[in-house]
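Trainee: In the working numbering, the protein residues as written are 599 to 732. From the three backbone atoms N, C-alpha and C, an ideal C-beta is built for every residue, glycine too. Below: one structure in structure tokens.
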Ligand SMILES: [Fe+2]
Ligand SMILES: [Fe+2]
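As structure tokens, this is what we get:
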């Protein structure tokens with residue numbers, strides 16, 4: 599396993615913690631598939647699944663940010679968009695055969711998500727809690 603969720607990643611909002619756990623699982627699935635040498639087709643599908651779930655997760659966060667008037671919304675959203683664009687770029691290059699999924703890419707995904715949660719997502723936790731979202 600590449601990546602294990604623990605309490606230090608908690609943003610103190612149950613629904614969002616659960617989504618983060620799912621994202622960790624999807625990154626681990628991709629890592630496992632890479633390690634055992636699954637076919638390009640299988641890897642591309644897992645990566646697409648990760649992109650779709652990431653999109654869904656970011657929409658959830660952005661929905662609450664707009665609903666509660668989170669001050670850093672635009673900046674936070676642009677980090678989300680940059681990440682999705684980057685991972686979509688990996689996906690197209692991978693499908694086109696010009697990129698192979700490497701440990702470097704796995705670490706990029708893991709480090710981005712880990713930093714984003716610890717540095718950015720953590721900030722909205724207490725803000726959402728004050729609005730009654732737990
Ligand atoms: Fe998040
Ligand atoms: Fe976020």
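Let me check you understand the geometry: is the CB of residue 715 closer than 7 angstroms to at least one non-hydrogen atom of ligand 1?
Mentor: yes
Trainee: With DSSP collapsed to three states, give me the class of residue 610.
Mentor: coil
Trainee: Straight-line CA distance for residue 703 to residue 716?
Mentor: 20 angstroms
Trainee: Which class does residue 732 belong to by DSSP, given the choice of helix, strand or coil?
Mentor: coil
Trainee: On the DSSP letters alone, give me the boundaries of the alpha helix (DSSP H) that residue 709 sits inside.
Mentor: 701-713
Trainee: Mapping DSSP to helix, strand and coil, what is residue 670?
Mentor: coil
Trainee: Residues in its own chain within less than 6 angstroms of residue 601 by CB, not counting five upstream and five downstream?
Mentor: Result list for residue 601: 622, 625, 626 and 708, in chain order.
Trainee: Would you call the stretch 651-669 and the stretch 630-643 touching, i.e. three or more CB-CB distances under 8 angstroms?
Mentor: Contact check between the stretch 651-669 and the stretch 630-643: fewer than three CB pairs, one atom from each, fall below 8 angstroms, which does not count as touching.
Trainee: Does the distance from the CB of residue 732 to the CB of residue 609 come in under 8 angstroms?
Mentor: no
Trainee: Near residue 674, which residues of its chain fall below 7 angstroms by C-beta distance, leaving aside the five closest residues on each side in sequence?
Mentor: Beyond the five residues adjoining it in sequence on each side, residue 674 comes within less than 7 angstroms, by CB distance, of 663 and 718 in the same chain, given in chain order.
Trainee: Please state if the CB of residue 697 and the CB of residue 688 are separated by a distance shorter than 8 angstroms.
Mentor: yes
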